[in-house]
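Under full-length UniProt numbering, the residue at position 219 of the sequence shown is numbered 219, and the numbers go up by one with no gaps. Positions of the beta carbon are idealized from the N, C-alpha and C atoms, including for glycine. Structure first, then comments.
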Amino acid sequence: MERVALRDRLEDMLSFTAVARTLCFADAARELDISASALSRRIARLEDALGTALLRRTTRHVSLTEAGTLYLERCTDVLTRVEEAEALVSGLAGEPRGRLRVAVPNLFGQLQVAPLLPDFLRRYPRIGLELSFMDRYVDLVQEGFDMAIRIGALTDSSLVVRRLATNHRLLVAAPSYLRGRRALAKPEDLAHHACLYFSPLSGGRAWDLQRGEEQVTARGRPVLVADNAEALRQAAVAGCGVTVLATFLIAEDLRAGRLVRVLQGWSVPDTGIFAVHPPGRLVPSKVRAFVSFLVERYAGTPPWERVGEAVELRPRLRRRLPASEPPASGG
């Protein structure tokens, strides 16, 4: 294949993967910084060369044909290899560079990733970060992300995983809620208390607790069940009940006394905070740079648990998350 033809083919493949990922010609054109008509010509040229339709197009909807689905997998593999080759050369040249697309959990991203970004960008001025804050599962390859940060148990064994920190979770309530109410001395006492539950976690309306070798499942009276941890935090601070939340979300509330730990001596299973990226013989230097930066910043005691006052943020008794626990980005 002539060099010009190869260049055009790679250009067309890149255009096709952008449309396949967004399922919108206008969005893909903006991403590629070309006109929608130019993008349509590239797709038509590719389909003509292959002799088959890759996309079904109507005035309102774009979807992949069977051939398009198969071709997308091959395209992704080819383009990944091209990126790996570029990464190798860039790595030899020294400075990480290029666009880095990262998916991060919404609340964790806002609270614990966003404040670090200015330092990262000053350190690596030739990397262009593109962060998406979302609480849904992201298919890194299909959706074109270089990496993601995930919280909870990891179910995709094909990904390369680097543990960034432990996600400690605590049973907490506001002092205003606890005043005048029945004491919380043992897990069974939760049955007499209003409880705020994070619905994505297994059990939904129950908490697994441990003290030494003793393990119990505790249930309270659900007054709020939500899939957003910030909503639970606000309700807890307002005195609506007892809840379980991650220290990365409530550290400041604990320091300020807006929330306090309950059921001292009982622990909630820890989860993990991980950086994940697709496998490959050559990891792009931009990915390595961002992962290493996060490992550096979260090493030892992560910043949200570095306490200036005598407030215990980490439970003394911990156990690993059961393998059946699903990923949960907010709690």
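Take the alpha-carbon of residue 275 and the one of residue 144: they are about 16 Å apart.
Nearest in C-alpha terms to residue 13, of all of 24, 62, 73, 264, is 73.
The DSSP-derived three-state label of residue 256 is helix.
Look at the beta carbons and you see the segment 166-175 not touching the segment 280-294: under three pairs across the two are nearer than 8 Å. According to the DSSP assignment, residue 120 belongs to the alpha helix (DSSP H) that extends over 117-123. Each residue's CA atom was taken as its position, placing residue 198 and residue 53 some 45 Å apart. Take the alpha-carbon of residue 306 and the one of residue 11: they are about 48 Å apart. In this structure, residue 61 lies away from residue 147, with their beta-carbon atoms at least 8 Å apart.
Under the three-state reduction of DSSP output, residue 137 falls in the coil class, being neither helix nor strand. Taken through DSSP and simplified to helix, strand or coil, residue 208 comes out as strand. For residue 215, no alpha helix (DSSP H) run applies; the uninterrupted beta strand (DSSP E) run containing it begins and ends at 214-218, by DSSP.
Between the segment 113-123 and the segment 235-252, the count of C-beta pairs closer than 8 Å stays below three; the two stretches do not touch.
In this structure residue 108 touches residue 248 by the C-beta definition: roughly 6 Å separates them, less than 8 Å.
No Cβ-Cβ contact shorter than 8 Å links residue 266 with residue 181. Residue 27 and residue 56 have their C-alpha atoms spaced approximately 16 Å apart.
Going by DSSP, residue 198 is part of no alpha helix (DSSP H) but of the beta strand (DSSP E) stretching over 194-198. Taking the CA atoms as reference points, residue 226 sits about 12 Å from residue 234. In the DSSP secondary-structure assignment, residue 165 is bridged to 273. When C-alpha distances from residue 19 are compared across 161, 40, 9, the shortest belongs to 40.
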